[in-house]
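Novice: Numbering (the working numbering), first residue to last: 22 to 513. Even glycine gets a Cβ: it sits at the ideal position worked out from N, Cα and C.
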Amino acid sequence: MGRIRSPTRSASESVRRDPCCGARYLSGPNVHRLATGGDAMTDWDRVRVLWPDHYGLARGKYVPMRLAHQGANHCVCVFALGYDRSMAPAPGAYLLEGLPDTHVSFDTADIRQGWDDDATGVVIGDLTMHGGPLPVSPREALRRAVAGWEALGYSPKVGLEFEAYVFNGDMESPRPYDTPRSMVYGTGPGSDPAGVITSLVRRAEAIGIAVESVNAEYDEGQFELTLEYGHALAAVDDAFLFRLLARESVLTAIDSSGRPLGLDLTFLGKPFPGVSGTGIHVNLSLADAQGDNAFSDVSGAHGMSDLARGCLAGLIRHHRGMTALAAPTINAYRRLRPGEINGYWANWGVEHRCAGNRVPSGAGPGMRIESRIGDGAANPYLLVAAVLQAARLGVADGLECPDPLTADGFDEINTDVRCAHSLSEALDDMEADEALCEAVGSEVCANFVFNKREEWGRYTAEAGDEVVADWDAITGTEPLSQWELKQYLPYH
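1) To the nearest angstrom, report how far apart Asn-51 and Asn-378 are at their CA atoms.
2) In the DSSP assignment, find the beta strand (DSSP E) that holds Glu-245 and state where it starts and stops.
3) Pick helix, strand or coil for Ala-490, following the three-state DSSP scheme.
4) Where does Lys-178 land, buried or exposed, given buried means 16+ other C-beta within 10 angstroms?
5) Assuming Thr-299 contacts Leu-444 (C-beta within less than 8 Å), just tell me the rounded distance between them.
6) Could you give the C-beta distance for Asn-468 and Gly-77, rounded to a whole number, given that I count them as a contact under 8 Å?
7) Who are the near neighbours of Ser-31 in its chain, counting only those whose CB is closer than 6 Å to its CB and skipping five residues on each side?
8) With DSSP collapsed to three states, give me the class of Met-325.
9) In three-state terms, what does DSSP make of Val-84?
10) Which residue or residues does DSSP assign as beta-bridge partners of Gln-503?
11) For the alpha helix (DSSP H) that Pro-463 lies in, which residues bound it at each end?
12) Around the C-beta of Val-405, are 16 or more other C-beta atoms found within 10 angstroms, so that it is buried, or is it exposed?
13) Which of the three DSSP states, helix, strand or coil, is assigned to Glu-361?
14) Name the two residues that bound the continuous alpha helix (DSSP H) containing Asp-258.
15) Quick check on Gly-295 - is its C-beta less than 8 Å from some C-beta in chain C?
16) With distance defined between alpha-carbon atoms, name the residue in Arg-338, Trp-170, Cys-96, Glu-182 nearest to Asp-310.
17) Going straight from the alpha carbon of Ile-390 to that of Ala-89, what length do you get?
18) Can you have a look at Leu-47 and say buried or exposed, based on whether 16 or more other CB atoms are within 10 angstroms of its CB?
19) On a CA-only basis, which of Gly-242, Asp-313, Val-217, Ile-301 is nearest Leu-272? Give me that one, please.
20) Cutting at 7 Å between CB atoms, please list the residues of its own chain near Glu-193, excluding the five before and the five after it.
21) For the region 329-346 against the region 204-215, are there 3 or more C-beta pairs whose distance is under 8 Å?
22) With a CB to CB cut of under 6 Å and the five nearest residues on each side skipped, what residues in its chain are close to Glu-238?
23) Around the C-beta of Thr-141, are 16 or more other C-beta atoms found within 10 angstroms, so that it is buried, or is it exposed?
24) From this set, Gly-385, Asn-352, Pro-281, Val-416, which residue's C-alpha is nearest Ile-337's C-alpha?
25) By the DSSP assignment, the beta strand (DSSP E) with Ala-308 in it spans what residues?
26) Determine the DSSP secondary structure at His-151, reduced to helix, strand or coil.
27) Name the residue from Ala-456, Gly-387, Tyr-402, Val-488 whose alpha carbon lies nearest to the alpha carbon of Asp-74.
28) Can you give me the C-alpha to C-alpha distance between Gly-103 and Val-97, rounded to a whole angstrom?
29) Specify the secondary structure class of Asp-122 as computed by DSSP and reduced to three states.
30) Count the other CB atoms, across all protein chains shown, that sit within 10 Å of the CB of Val-319; report buried if there are 16 or more and exposed otherwise.
31) So, is Asn-368 buried or exposed, given that buried needs 16 or more other C-beta atoms within 10 angstroms?
32) In the DSSP assignment, what are the bridge partners of Ser-320?
33) What first and last residue would you give for the alpha helix (DSSP H) that runs through Leu-420?
34) List the whole-angstrom C-beta distance separating Tyr-365 from Arg-439, where the pair is believed to meet the contact cut-off of C-beta under 8 Å.
35) Using beta-carbon positions only, say whether Val-408 and Ser-392 come within less than 8 Å of one another.
36) Under three-state DSSP, which class holds Thr-498?
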């Protein structure tokens, strides 16, 4: 399979168009082929069926194309797994109820070209059990968040900005990619001498993931990768695939003679001490029934509508409650520190990168809220679900938006409310925010908190002398523990 040939279509087949990249698909009982343009067509002989777990990791199976319409089954106890493959009786994971299956289903029209090879498609599936959506599914949590806004007459639009490091060395002693000529907003071979970022971006575009921009970030080997704005669920689906594609592309990169480059890529929040961390910035706006940006109001302060101000108020009110979902690893709290130009503070500002939430100046179609709290290792489905729900609660509860940050944001701050200083503290804050947990989904939040409490317990029991005794005193310059590198670096 994988050969190019002219398409033929039987009466039982239908033509569909992928909204992401405009590619045509044929779907029918015995065939599913990607039309690549003109009269050429690529056959797939298998599909990589993926779905996000509680960590945002891509679980799944390869399924022969002839059986793709059946979906696939997976043991639901994946939602009881730790990074070290240990299992604990997490709510909704059925570990003590026989470890039953959850079914993964999808529309075959949603299959897109994969990046394994020309003969492999890829698709994100939905998890079901007992005739309905699996309650602990992160993708289902996002779908509920989108539906909550749609019930109010708005369509949530999201754009995600990623930061990542290319590195070499093994997992126990990683070193940033050697780019001595790189600079902030650098491009070209000085920033990416091996061309691995260029290659992964072209690979992403080839499968319909629209990359808006790419550039070198603050430190050597660090890059910013921004995806195009779109409907919230579609945008997060693209982000989910993009992170997996990015890591696999760099990991398998070869030089001109076919030898492995020995490079890797990580989105982990603080993979190296003493240098910048990596985050995910969530850019949010709402489209009204006419498709116009409902955040924009030329008569409003700073060009913002009352709706946008209500959303900001919700994000600020629920800042501490959403921190664990936005920064879900022990490592993340090496990054979330004051003065680090991230989402540490519960505030907002106009064109102010030291604020937890940033908005552009002036009304117009580009009006949006940029939530800056997200850690690079966050589950994008849960992160965006939390952002959407916190924003909606602000509107539903009629919260008052505070004044924006106008001070420098380093020495002078306009709030005392900040992120937690450790994962354990953040989980306490999350459980205390009952309204946010109910909105995101009580089952998915209970599963998340249980698994993360187990993770914290393993860290304190296993990291030995490298356990941080006082997270309030962390500066971001301390060496990472071997426990963190072993648990997180292979997966994020």
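Specialist: Taking the coordinates as given:
1) With a pLDDT of 33 at Asn-51, under the threshold of 50, the predicted position of this residue should be treated as unreliable, and no value is reported.
2) 243-248
3) coil
4) buried
5) Incorrect: roughly 17 Å between the Cβ atoms, too far for contact.
6) Taking the Cβ atoms as the reference, Asn-468 lies roughly 13 Å from Gly-77, outside the contact range of under 8 Å.
7) Here the model assigns Ser-31 a pLDDT of 33, short of 50, so the residue's position is not dependable, and the following value carries that caveat. Taken in chain order, the list of residues that qualify is empty.
8) strand
9) strand
10) Answer by DSSP bridge pairing: none, since Gln-503 is not bridged.
11) The sequence shown places Ser at residue 463, rather than the Pro named in the question. Element bounds for Ser-463: 463-483.
12) With 16 or more other Cβ atoms from the protein chains shown falling within 10 Å of its own Cβ, Val-405 counts as buried.
13) coil
14) 253-272
15) In the structure shown, chain C cannot be found, because there is only a single protein chain.
16) Note that residue 310 corresponds to Ala in the displayed sequence, not to Asp. If we check each option's Cα against that of Ala-310, Trp-170 comes out closest.
17) 39 Å
18) Per-residue confidence for Leu-47 stands at a pLDDT of 35, beneath the threshold of 50, marking its modelled position as unreliable; no derived number is given.
19) Val-217
20) Gln-503, Leu-506
21) no
22) Glu-184, Phe-244, Glu-245
23) Looking at its Cβ environment, which holds 16 or more other Cβ atoms inside 10 Å, Thr-141 is buried.
24) Val-416
25) Judged by DSSP secondary structure, Ala-308 falls within the beta strand (DSSP E) whose first and last residues are 300-308.
26) Under the three-state reduction of DSSP output, His-151 falls in the coil class, being neither helix nor strand.
27) Tyr-402
28) Each residue's alpha carbon lies about 14 Å from the other.
29) strand
30) Label assigned to Val-319: exposed.
31) buried
32) According to DSSP, which records beta bridges pairwise, Ser-320 is partnered with nothing at all.
33) It is not in any alpha helix (DSSP H) - Leu-420 carries neither H nor E in the DSSP assignment.
34) 6 Å
35) The criterion of a C-beta distance shorter than 8 Å is satisfied by Val-408 and Ser-392.
36) coil
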